[in-house]
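Notes follow the structure.
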Amino acid sequence: MSDIIAPVPSAAQLAWQRSETNAFFHFGLNTFAGKEWGDGSEDPRDFNPTALDCRQWARTARAGGFKVGILTAKHHDGFCLWPSHVTEHSVQNSPWRDGKGDLVREFVDAFRAEGLEVGLYLSPWDRHEPCYGDSERYNDFYCTQLEELLTQYGELREVWFDGAIDEGPNGRKQTYDWQRYFDLVRTLQPKAVTFGDGGTDVRWVGNERGIAGETCWGTVDPNFIRFPGDSGISKANDALADADKSERLRNGDAPNGSGLRVWRPAECDVSIRPGWFYHPEEESEVRTVDNLLDLYFKSVGRNGTLLLNFPITPEGLVHTVDAERAVAFQQAKAALFATDLAIDSRIQISNAEAEYPIDTVLDAEKNSYWTPGKAGENATLMLRLPEERTVSIVSLEEAIEFGQLIAKHRIELQDDSRKSCRVIEGTTVGCKRLHRVDPILCSTVKLTISKSYGESALAALRLY
128 MSDIIAPVPS AAQLAWQRSE TNAFFHFGLN TFAGKEWGDG SEDPRDFNPT ALDCRQWART
188 ARAGGFKVGI LTAKHHDGFC LWPSHVTEHS VQNSPWRDGK GDLVREFVDA FRAEGLEVGL
248 YLSPWDRHEP CYGDSERYND FYCTQLEELL TQYGELREVW FDGAIDEGPN GRKQTYDWQR
308 YFDLVRTLQP KAVTFGDGGT DVRWVGNERG IAGETCWGTV DPNFIRFPGD SGISKANDAL
368 ADADKSERLR NGDAPNGSGL RVWRPAECDV SIRPGWFYHP EEESEVRTVD NLLDLYFKSV
428 GRNGTLLLNF PITPEGLVHT VDAERAVAFQ QAKAALFATD LAIDSRIQIS NAEAEYPIDT
488 VLDAEKNSYW TPGKAGENAT LMLRLPEERT VSIVSLEEAI EFGQLIAKHR IELQDDSRKS
548 CRVIEGTTVG CKRLHRVDPI LCSTVKLTIS KSYGESALAA LRLY
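If you're matching positions, the sequence shown starts at 128 in my numbering and goes up one per residue.
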């Protein structure tokens with residue numbers, strides 16, 4: 128292909144985005160203190176899960192269709208779920224496993240045993256560590272902890288940096304050495320992606336509701352958000368968010384041909400309950416299957432990935448209600464996408480490059496695609512179904528290994544009599560774009576690429 132002006136994903140970014148749905152697990156002293164953000168004064172002796180079973184977490188994630196599990200190895204309270212060599216504020220001073228346990232080890236082993244990949248969250252903000260706010264000393268401390276996690280637990284898919292920041296106990300604000308942190312990950316875990324507000328690989332979507340923008344580019348201006356926390360948005364309360372920055376994180380930045388764009392797709396984080404940590408009073412507030420499906424369409428279906436959090440109970444388990452809901456979500460999703468109604472259609476196109484066969488949009492191969500060539504804008508692709516079929520979902524995929532280029536598209540669904548017609552106007556496509564419509568009986572589907580930044584490449588057009 129030629130004239131592609133957009134950035135392209137690395138192999139790690141491409142694999143990460145194709146995972147679609149990943150699972151987050153919040154667990155620590157906050158769980159036993161009933162808090163969301165501990166202040167660092169909590170007693171490690173309170174940490175004692177009596178029935179901890181990381182294999183149960185992993186089975187829940189696998190049954191829920193999640194590909195990666197990410198654990199809060201250390202949250203803002205500074206309590207470490209592994210026996211860190213640079214702090215006493217960890218599991219080694221808890222009664223759990225008689226102080227000899229390593230929850231991070233149990234977590235990664237359990238998830239790999241279930242065929243899943245793993246990631247780790249390490250909060251830069253540490254409300255317990257006395258040297259926090261003495262920037263150079265704390266950066267050394269933090270990098271030691273980061274290196275412990277990057278070297279002792281095998282290959283990681285994602286390293287999660289939270290952007291939360293505040294003054295240390297000495298009254299001074301900590302200056303994080305983000306470049307040093309990122310370089311450490313690059314050196315020790317080259318296949319991992321890093322997450323942050325702006326990220327270096329993956330960006331925050333700008334809210335904790337799990338929702339990407341209707342327009343969602345996988346590219347951003349790197350000067351917009353230079354490092355995690357630079358967005359100026361309080362993730363503790365979306366009402367405090369800077370509306371312009373939040374919207375820009377949701378939408379990303381379109382390619383502009385000047386080179387001032389980098390590939391940083393959006394991760395859409397949200398909890399299955401109101402809180403990120405477990406609170407028994409939230410038992411009746413677990414998200415419904417319909418709500419989880421809606422989040423899937425508004426995250427994965429808008430060119431993002433969905434990161435769904437499961438608060439672990441004080442016993443050390445995914446709550447039964449949460450686990451059952453995850454399985455029901457996967458079953459409902461699988462039923463929706465069980466049969467591609469377009470698979471045996473005939474195709475007509477307005478323009479095509481000879482070396483890119485048009486039937487590739489109907490196959491199951493991720494690495495095949497159709498391109499309308501240089502005359503891409505207003506190029507059309509028409510599917511003629513063997514008979515009238517009831518359609519309620521249209522799925523589009525770009526071959527994002529060549530960049531994300533489609534800026535505007537139009538879909539027309541029509542029946543044999545041409546009396547019934549449904550028109551969908553859309554903007555970006557990216558890794559996956561899902562359009563839901565009221566069920567319509569149709570025999571032809573016409574896709575028009577109305578605007579494109581260069582030669583776009585369509586990997587799939589599917590109907591459900």
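The C-beta atom is built at its ideal place from N, Cα and C for all residues, glycine as well.
Item	Value
Distance CB(Ser477)-CB(Thr498) smaller than 8 Å	no
Residue burial classification, Arg473 (beta-carbon count within 10 angstroms, cutoff 16)	exposed
Beta bridge counterpart(s) of Cys548 as assigned by DSSP	Gln541
With 16 other Cβ atoms within 10 Å as the buried cut-off, status of Glu609	Because residue 609 is not part of the residues shown, which for the chain are 128 to 591, the question remains open.
Complete runs of the beta strand (DSSP E) confined to the stretch 224 to 276 [at least 3 residues]	244 to 249
Element boundaries [alpha helix (DSSP H), containing Arg186]	Cys181 to Ala190
Supposed close pair Phe174, Ser221 - CB separation, criterion 8 Å	4 Å
Bridge partner(s) assigned by DSSP for Asp170	Note: Asp170 sits in no beta bridge, so no partner.
Alpha-carbon to alpha-carbon, Asp225 and Phe456	38 Å
Beta-carbon spacing of Ala185, Ala237 below 8 Å	yes
Reference Glu256; option with closest CA among Lys227, His202, Gly290 and Thr177	His202
C-alpha gap between Tyr308 and Gly557, whole angstroms	29 Å
Under 8 Å between C-beta atoms of Gly379 and Thr327	no
Environment of Ile470 [buried if 16+ CB atoms lie within 10 Å]	exposed
CA nearest to the CA of Cys258, picked from Tyr303, Glu244 and Val454	Tyr303
Pairwise C-alpha distance: Val135 and Arg388	10 Å
Nonlocal neighbours in the same chain, by C-beta distance under 6 Å from Asn364, ignoring five residues either side	Here the model assigns Asn364 a pLDDT of 41, short of 50, so the residue's position is not dependable, and the following value carries that caveat. Counting only Cβ-Cβ distances below 6 Å, and skipping sequence neighbours, we find nothing.
Ala534 beta carbon less than 8 Å from that of Lys578	yes
Cβ distance (whole Å) where Ser519 is taken to contact Tyr591 below 8 Å	7 Å
Ser570 classed as buried or exposed, judged by whether at least 16 other C-beta atoms fall within 10 angstroms	buried
Tyr423 versus Trp252: straight-line alpha-carbon distance, rounded	30 Å
One or two residues paired with Asn149 in a DSSP bridge	Leu434
Range of the contiguous beta strand (DSSP E) that encloses Ser579	Arg560 to Ser579
In DSSP terms, what Arg604 is bridged to	Shown here, the chain extends from 128 to 591; a query on residue 604 therefore has no answer.
Pro513 - DSSP class collapsed to helix/strand/coil	strand
Rounded separation between His446 and Leu419 - CA only	17 Å
First and last residue of the uninterrupted alpha helix (DSSP H) at Leu91	Any question about residue 91 goes unanswered here, given that the chain covers just 128 to 591.
DSSP-derived helix/strand/coil call for Lys300	strand
Proximity winner among Ala381, Asp289, Leu276 and Asp293, relative to Leu315 (alpha-carbon distances)	Leu276
Collapsed DSSP secondary structure at Leu367 in the structure displayed	At Leu367 the pLDDT is 38, less than 50, meaning the model places this residue with poor confidence and gives no usable figure here.
Extent of the continuous beta strand (DSSP E) run through Ala587	Leu585 to Leu590
Neighbour-count burial assignment, Ala450, 16 or more Cβ in a 10 Å radius	buried
CB-CB length for Gly530 against Ala133, believed under 8 Å	3 Å
Ala200 to Gln475 span [Cα, whole Å]	53 Å
Coarse secondary structure for Arg429, derived from DSSP in three states	strand
Span of the alpha helix (DSSP H) around Leu311	Trp305 to Leu315
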